[in-house]
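S.K.: Read the sequence shown against this note's numbering and you will find it ends at 1418, with the numbers running on by one and no gaps.
Structure provided below as structure tokens; questions to follow.
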Amino acid sequence: MGQGSKFKDQLVHDLHDSKHHTADANARFLANQLELSGHSHKAEVLHPGVSRKDTTVTVTSKPLVMEVLHNAAALYSVAGYNARAKHCFGEIYLGLDAGPEYDRQANKINAAIGAVTAEDSFNLVLALTRQALAKNGGAVADALGTVLTEVCHTWFDIPDGKHIMPGGVRLDVTAPPRCPGDYNFPSALIFYPDPAGVMSQLGAGQGQLLRAGADALVKEVCASGELPKGPLSRAVFEAFPDDDELIARSLLGIMMGMIPTTLINVGNCLKMWSGNDNAGFKELAVALMKHGGAASYDRAKAVLFKPMTQTIQGTPEPPAVWRTALKDHELGGIQVAAGDKIIVSILGACHEDLADDAVTLDPVFGGDRSENDHPLHACPGSAAAVGFMLGFINAVVEPT
Ligand code: HEM
């Protein structure tokens, strides 16, 4: 992950320490002072949880974050994602607002992704990680790259070793494209509210390489007359039998949703628990032993889900998503104008959950798709991702 991770770490840091957060903290501090001096009503005008700088509005409180994500009054658009995606691998359904075109592109595929259960994903990743660790002498970070590559291949038939090669994050844009590495900068280009220039250049370049690779792969599969083996690539080919271009874009978009998020959230857990001579891992090993039984999804969920969730809540990836306001309106007490950029601080919502002892990954996944009125774009891969992360961590703690 190297440099990509550094950029993302920096972004997490910037967001965490941003003026918006400082403004929020100041508001709370000031409110407290006013309360002490008997002027608590003044705090009303300080709008904690939302702030503005020029044409950018940042929401950091959980209720406002969820309000923007739910978008019940259709006030916010995700079209900005596609304006960026155009420059790398082409438009994707995450960049479409509610409507028939979103339904056509998203519904069948999201259903296929949602059909991957946490338990299936856990079992696959537990076995692959144990194999990788046995082969590489226990090098955990390397195992993460290996396992992510193998899971991508199992679910999407990518990398195929011909049009898209296996490989990690890199700082150049030379063919052939690589999976999982080349998805990270396109993801930063699209998702980050303000990606740094070098990130955008690498994102555009590596995204275009991936697109060329995916186009060639799709052409070859279609010419063969056979459907691909992976359950998720198969679902995409079946959904759009006459549209090779849409197959290629959809495959890349879904994989971009999965790769950097999983890699970085697991990576952050590894960083956290390996410190102080693996103190965190040792604690988890004892907890698993006390629980008893052999590795299974239910056991991992009972023992590992809470510490994993709390670690992710501390430094979630993505730390923020963003929208564009469609209409003038009021949000959390401040005036928003059509065209304003709305930064939705997942980090802020997670820190509020942490402080409230709420053990939930809902903000990290952009909402809970199992709820009836979930946000339109809430992650369809949350179960698959939780299974992956628990499986990997369980294998590291219990490698055999
Ligand atoms: C820890 C891992 C993951 C995290 C934190 C995560 C997070 C997210 C978030 C926050 C969104 C919504 C973005 C927004 O509203 O702006 C999203 C959407 C999406 N994710 Fe995930 N994701 C993860 C894993 C996955 C996996 C494993 C898959 C597929 C196998 C996936 C596929 C998608 C897709 C296709 C969307 C777009 C859904 C739509 O627009 O209808 N994600 N994800």
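Glycine included, each C-beta is placed from N, C-alpha and C at the ideal position.
In chain order, what residues of the same chain have a beta carbon less than 6 Å from the beta carbon of GLY1225, not counting five sequence neighbours either side?
M.R.: Within the sequence shown, numbered from 1, the residue matching residue 1225 stands at position 207. These residues qualify, in order along the chain: CYS1106, PHE1107, PRO1204.
S.K.: Please go through the same chain and pick out, in chain order, the residues whose beta-carbon is closer than 6 Å to the beta-carbon of ASN1128, but skip the five residues on each side of it.
M.R.: For the purposes of this step, residue 1128 is taken as residue 110 along the sequence shown, with counting starting at 1. Here the set comprises PRO1398.
S.K.: Is the beta carbon of THR1280 within less than 7 Å of some heavy atom of the ligand HEM?
M.R.: If you number the sequence shown from 1, residue 1280 lands on position 262. Correct: THR1280 has its Cβ closer than 7 Å to the ligand HEM.
S.K.: Does the beta carbon of GLU1256 fall short of 7 Å from some heavy atom of the ligand HEM?
M.R.: Locating residue 1256 in the sequence shown gives position 238, counting from the first residue. Because no heavy atom of the ligand HEM lies under 7 Å away, the Cβ of GLU1256 does not count as near it: no.
S.K.: Looking at the structure shown, is HIS1392 part of a helix, part of a strand, or coil, going by DSSP?
M.R.: Within the sequence shown, residue 1392 is the residue found at index 374, counting from 1. Three-state result, HIS1392: coil.
S.K.: Considering only heavy atoms of the ligand HEM, does any lie closer than 7 Å to the CB of CYS1397?
M.R.: As a working note, residue 1397 is residue 379 in the sequence shown. Yes, Cβ of CYS1397 sits closer than 7 Å to a heavy atom of the ligand HEM.
S.K.: Taking the CB atoms as reference points, tell me whether VAL1421 and PRO1381 lie closer together than 8 Å.
M.R.: Nothing about residue 1421 can be reported from this structure: the residues present for the chain run from 1019 to 1418 only.
S.K.: According to DSSP, is VAL1362 helix, strand or coil?
M.R.: Walking along the sequence shown from the start, residue 1362 turns up at place 344. It is a strand residue.
S.K.: Tell me the DSSP secondary structure of LEU1349 in three-state form.
M.R.: The residue given as residue 1349 occupies position 331 in the sequence shown. LEU1349 falls in the strand class under three-state DSSP.
S.K.: Based on DSSP bridge pairs, tell me the residues matched to PRO1381.
M.R.: The residue given as residue 1381 occupies position 363 in the sequence shown. DSSP output for PRO1381 lists no bridge partner at all.
S.K.: From ASP1212 to MET1290, what distance separates their C-alpha atoms?
M.R.: Position 194 of the sequence shown, counted from the first residue, corresponds to residue 1212. Position 272 of the sequence shown, counted from the first residue, corresponds to residue 1290. The alpha-carbon atoms of ASP1212 and MET1290 are separated by roughly 27 Å.
S.K.: Taking GLY1275 as part of the alpha helix (DSSP H), name the residues at either end of that continuous run.
M.R.: Along the sequence shown, read from residue 1 onward, the residue named residue 1275 stands at position 257. Residues 1262-1309.
S.K.: Taking the straight line between their C-alpha atoms, what separation do you get for ALA1376 and HIS1392?
M.R.: Here residue 1376 corresponds to residue number 358 of the sequence shown, with the count starting at 1. Here residue 1392 corresponds to residue number 374 of the sequence shown, with the count starting at 1. Those two C-alpha atoms are separated by around 19 Å.
S.K.: Assign GLY1248 to buried or exposed, taking buried as 16 or more other Cβ atoms, counted over all protein chains shown, within 10 Å of its Cβ.
M.R.: Residue 1248 sits at position 230 when you count from the first residue of the sequence shown. Buried is the call here.
S.K.: Would you grab the beta carbon distance between THR1147 and PHE1323 for me? Rounded to a whole angstrom, and I think it's under 8 Å.
M.R.: Indexing the sequence shown from 1 puts residue 1147 at position 129. Indexing the sequence shown from 1 puts residue 1323 at position 305. Not a contact, Cβ separation roughly 17 Å.
S.K.: Using the beta-carbon count (16 or more within 10 Å), is VAL1404 buried or exposed?
M.R.: As a position in the sequence shown, residue 1404 is number 386, starting the count at 1. So VAL1404 ends up on the buried side.
S.K.: On the three-state DSSP scale, how would you describe GLY1132?
M.R.: As a first step, residue 1132 is located in the sequence shown; it is residue number 114 there, counting from the start. Residue state, collapsed to three classes: helix.
S.K.: Is ILE1364 near PRO1325, with beta carbons less than 8 Å apart?
M.R.: For this step, residue 1364 is matched to residue 346 along the sequence shown. For this step, residue 1325 is matched to residue 307 along the sequence shown. Not closer than 8 Å, so no.
S.K.: Under the rule that 16 or more other beta-carbon atoms within 10 Å means buried, what is PRO1066, buried or exposed?
M.R.: Position 48 of the sequence shown holds residue 1066. Looking at its Cβ environment, which holds 16 or more other Cβ atoms inside 10 Å, PRO1066 is buried.
S.K.: Could you tell me the alpha carbon to alpha carbon distance between ALA1401 and SER1139, rounded to whole angstroms?
M.R.: The residue labelled residue 1401 in the question sits at position 383 within the sequence shown. The residue labelled residue 1139 in the question sits at position 121 within the sequence shown. If you take the alpha carbons of ALA1401 and SER1139, they lie about 8 Å apart.
S.K.: Cβ of THR1073 within 8 Å of Cβ of ASP1358?
M.R.: Sequence index remark: in the sequence shown, residue 1073 carries index 55 (1-based). Sequence index remark: in the sequence shown, residue 1358 carries index 340 (1-based). Contact flag set, yes.
S.K.: According to DSSP, simplified to helix, strand and coil, what is SER1079?
M.R.: The residue you call residue 1079 lines up with position 61 of the sequence shown. Reduced to three states, the DSSP call for SER1079 is coil.
S.K.: Can you check which of these residues, VAL1143, LYS1180, GLY1113, is closest to TYR1315 by C-alpha distance?
M.R.: Position 297 of the sequence shown holds residue 1315. Closest by alpha carbon: VAL1143.
S.K.: For SER1139, does the three-state DSSP call read helix, strand or coil?
M.R.: The sequence position of residue 1139 within the sequence shown is 121, counting from 1. Of the three classes helix, strand and coil, the one that applies to SER1139 here is helix, per DSSP.
S.K.: If distances are taken between C-alpha atoms only, which option among VAL1321, VAL1254, GLU1348, ILE1361 comes closest to ILE1110?
M.R.: Sequence index remark: in the sequence shown, residue 1110 carries index 92 (1-based). When only C-alpha atoms are compared, the closest one is VAL1254.
S.K.: What does the alpha-carbon distance come out to for the pair GLY1484 and GLN1331?
M.R.: This structure cannot speak to residue 1484, because the chain is shown only from 1019 to 1418.
S.K.: Enumerate in chain order the residues of its own chain whose CB-to-CB distance from HIS1347 is below 7 Å, with the five nearest sequence positions on each side excluded.
M.R.: The residue given as residue 1347 occupies position 329 in the sequence shown. Around HIS1347: LEU1093, VAL1354.
S.K.: Tell me which same chain residues have a C-beta within less than 8 Å of the C-beta of VAL1284, skipping the five on either side of it?
M.R.: Your numbering for residue 1284 matches position 266 in the sequence shown. Hits under 8 Å: LEU1162, PHE1406, MET1407, PHE1410, ILE1411.
S.K.: Between ILE1272 and the ligand HEM, is the CB less than 7 Å from at least one heavy atom?
M.R.: Locating residue 1272 in the sequence shown gives position 254, counting from the first residue. Checking every heavy atom of the ligand HEM against the Cβ of ILE1272, one is found closer than 7 Å.
S.K.: Just to confirm, is the Cβ distance from LEU1227 to ASP1200 under 8 Å?
M.R.: Counting from one through the sequence shown, the residue named residue 1227 turns up at place 209. Counting from one through the sequence shown, the residue named residue 1200 turns up at place 182. For LEU1227 and ASP1200, yes; Cβs fall inside 8 Å.
S.K.: Taking the alpha-carbon positions, what's the GLY1384 to LYS1300 distance?
M.R.: Within the sequence shown, numbered from 1, the residue matching residue 1384 stands at position 366. Within the sequence shown, numbered from 1, the residue matching residue 1300 stands at position 282. GLY1384 and LYS1300: Cα-Cα distance of roughly 32 Å.
S.K.: Just the Cα atoms here: how many angstroms apart are ALA1116 and LEU1394?
M.R.: As a first step, residue 1116 must be located in the sequence shown, where it is residue number 98. As a first step, residue 1394 must be located in the sequence shown, where it is residue number 376. Spanning the two alpha carbons is a distance of roughly 7 Å.
S.K.: Just reading off the alpha helix (DSSP H) that SER1198 is part of, what are its end residues?
M.R.: Here residue 1198 refers to the residue found at position 180 when the sequence shown is read from its first residue. In the sequence on display, residue 1198 carries Pro and not Ser. From DSSP, PRO1198 is part of no alpha helix (DSSP H) but of the beta strand (DSSP E) over 1196-1198.
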